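Under this note's numbering, the letters of the sequence shown match residues 729 to 1077, in that order.
Note that CB positions come from ideal geometry on N, CA and C, so glycine has one too.
These figures come from a predicted structure and were not determined experimentally.
Below you'll find the structure, written out as structure tokens, and then a few comments.
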Amino acid sequence: MKKLLIYLLLAFIFINFEAQSIEIGGFKVEDGKISGKYLPAGLEGKISCYKEDKKIIDMVYKNESIEVSIQFFDALEKIIERDPLLKEEIRKALVPINIKGAFFGFEYSGCVVELHDAPTRFLKIFSDRIVISEIYGYEINKINESLIKMRKGDMGVVLMSDRNIFFDGENITAQDNMILASFYYSEEKIEDAFLNKSIGGEIVIAGFDLNNETYSLSYFGEVSIEAINITQGRILLNVRGNSSSGKVIKINLGKNIFFSDEFTVKFDGKKIDEADSLEDILNPNDDGIYPEYYKLDSKEGVILLISIPHFSEYKVSIEFLIESLAGKIIILILSIFVISLAALYLFKK
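Encoded structure:
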């Protein structure tokens, strides 16, 4: 019984220090396989890019990694047949890969691929024709001419295009461009807002380092979010866009950033109100000219959703009550001290 109590006390201390928190994603490439913190997720299958009628790239999504293979043109195929050792060098020369933190991108023969390793697992492709095949066990629903939803287990996948998307019962085909984003089942309402193009963009803030612990993505309406300053008491963001309709911005905050439940959100220096519900915040056009915010708790931190009814350029700040923050830190330190003394006492006995 004594040992069990010791283990429980030590586990409590470890959990408080090592609780899972949101992180900035990051890609690694090993043996031609790409993996990240959040990707791959949601999709299992093969994405092929075509230039006119010729396949030029295959991207194979598996549970643990993404593999990219390129199809060489006739002259290069003959060279590689003569000297297979040249294949990797030619591939590197033809398809230079750009990896910068949570961003992975490349271009080959008119096919442009962008991958973002973020909580919203985001892929964007530009090519003459894009075909998704080998998709087994999915529930596939065509929402409209340019939108398809796929679901398997607790993950959903959204496929969107500026052109029509076709599903023939086996393969999904898009022309010119395609966006893929994946969400957990628990994020279904946010997924629906993404489907409606109500989510303008998002930012991940995992720490205080502006260069290495923040990452932002733009989805719709040319919305961009930039972290200007991050301190323990205040987060300052610059938000701009070119949307004629309202959009929601999604702010993912790590537990080490969101210290206190006592906070205010200001829009160009003016305090804004909390929305009545998640459904309310995800409809950015229902409250006239007034922005609102809504807080969602997640296992990795906090998500703040802010609805912006109209766009130009704004400053958004999140300000924490320092007194509340200091009190919580003192309580945590005292709790750890008491638990440590109890553990020491049990060890000595």
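- With fewer than 16 neighbouring CB atoms inside 10 Å of its own CB, residue 1017 falls in the exposed class.
- When 853, 864, 882 are compared, the shortest CA-CA separation from residue 891 is found for 853.
- Residue nearest to residue 881 within the set 889, 872, 867, 887 is 867 (criterion: CA-CA distance).
- For the options 829, 996, 885, the alpha carbon positioned closest to that of residue 850 is the one of 885.
- Residue pairing by DSSP places residue 835 opposite 840 in a beta bridge.
- Residue environment for residue 789: buried (at least 16 other C-beta atoms within 10 angstroms of its C-beta).
- By the neighbour-count criterion, in which 16 or more other beta carbons inside 10 Å mark a residue as buried, residue 848 falls on the buried side.
- CA-CA distance, residue 1001 to residue 1021, rounds to 7 Å.
- Residue 891 is bridged by DSSP to nothing; it lacks a bridge partner.
- In the DSSP assignment, residue 917 falls within the alpha helix (DSSP H) that extends over 916-923.
- Counting the other Cβ atoms within 10 Å of the Cβ of residue 776 gives 16 or more, which makes it buried.
- In the structure shown, residue 1008 falls within a helical segment according to DSSP collapsed to helix, strand and coil.
- Going by beta carbons, residue 1027 and residue 966 fall outside the 9 Å limit.
- Excluding residues up to 5 positions away in sequence, 884 lie with their Cβ nearer than 8 Å to the Cβ of residue 916 in the same chain.
- For residue 826, the uninterrupted beta strand (DSSP E) segment begins and ends at 826-828.
- Pairing residue 759 with residue 912, the inter-Cα distance amounts to about 29 Å.
- For residue 865, there is no enclosing beta strand (DSSP E), as DSSP gives it neither H nor E.
- Looking at the backbone, the Cα of residue 946 and that of residue 991 are separated by about 26 Å.
- In this structure, the straight-line span from the alpha carbon of residue 780 to that of residue 755 is close to 31 Å.
- Spatial neighbours of residue 894 in its own chain (CB-CB distance under 6 Å, excluding positions within 5 residues in sequence) are listed in chain order as 901.
- The DSSP-derived three-state label of residue 860 is strand.
- Around the beta carbon of residue 956, fewer than 16 other beta carbons lie within 10 angstroms, which makes this residue exposed.
- A Cβ-Cβ contact shorter than 9 Å links residue 778 with residue 858.
- Of 766, 995, 936, 1013, the smallest CA-CA separation from residue 910 is found for 766.
- Ranking 753, 903, 971, 791 by CA distance to the CA of residue 843 puts 753 first.
- Per DSSP, the beta-bridge partners of residue 929 are 946, 977.
- Between residue 769 and residue 943 the beta-carbon gap is near 17 Å, outside 8 Å, which marks them as no contact.
- Nearest to residue 1024 by alpha-carbon distance, out of 989, 875, 874, 1067, is 989.
- Taking residue 971 as the centre and dropping the five residues before and after it, the same chain places the C-beta of 949, 1039 closer than 6 Å to its C-beta, in chain order.
- Here residue 850 is bridged, per DSSP, to 844, 909.
- Residue state for residue 1067 is assigned as helix, using DSSP reduced to three classes.
- In this structure, DSSP gives residue 1003 a state outside helix and strand, which the three-state scheme calls coil.
- In the DSSP assignment, residue 991 is bridged to 1048.
- Judged by their CB atoms, residue 825 and residue 833 are nearer to each other than the 9 Å cut-off.
- Between residue 995 and residue 1036, the gap from beta carbon to beta carbon is short of 9 Å.
- Separation of residue 907 and residue 922 (C-alpha to C-alpha, rounded to the nearest whole angstrom) is 11 Å.
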